[in-house]
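In this text, residue positions in the sequence shown follow our numbering: the first is 1, and each later residue adds one.
Everything below concerns the one structure shown next.
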Amino acid sequence: MTKMEEERLRAIEAKVKGLRREAEELLALAEGIEAIRRNAERILASVKVLELNVCDPLSLED
Numbered sequence: 001m002t003k004m005e006e007e008r009l010r011a012i013e014a015k016v017k018g019l020r021r022e023a024e025e026l027l028a029l030a031e032g033i034e035a036i037r038r039n040a041e042r043i044l045a046s047v048k049v050l051e052l053n054v055c056d057p058l059s060l061e062d
């Protein structure tokens, strides 16, 4: 992996981590609102896929 590719992946990794934090906060705030809870859980599932595709390969580089 080139340095430029790694830098781009690091930037994406930071965004993915931010998405996780935001979705977890949304889930916590959704208490009692079923539709919000379900959608926040879906967002977290999508974030997990992004983590597997982006964050995990970066950890292999370290």
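Virtual Cβ for every residue (Gly too), placed ideally from N, Cα, C.
Using a Cβ distance threshold of 8 Å, determine whether the segment 26 to 38 contacts the segment 48 to 59, with at least three qualifying pairs required. no
Which listed residue (Ser59, Leu19 and Asn53) has its alpha carbon closest to that of Glu41: Leu19
Can you give me the start and stop residues for the alpha helix (DSSP H) that Asn89 sits inside? Lying outside 1 to 62, the shown extent of the chain, residue 89 is not represented and no answer is given.
Three-way DSSP call (helix, strand, coil) for Gly32 in this model: coil
Quick check: what's the CA-CA separation for Val54 versus Glu25? 22 Å
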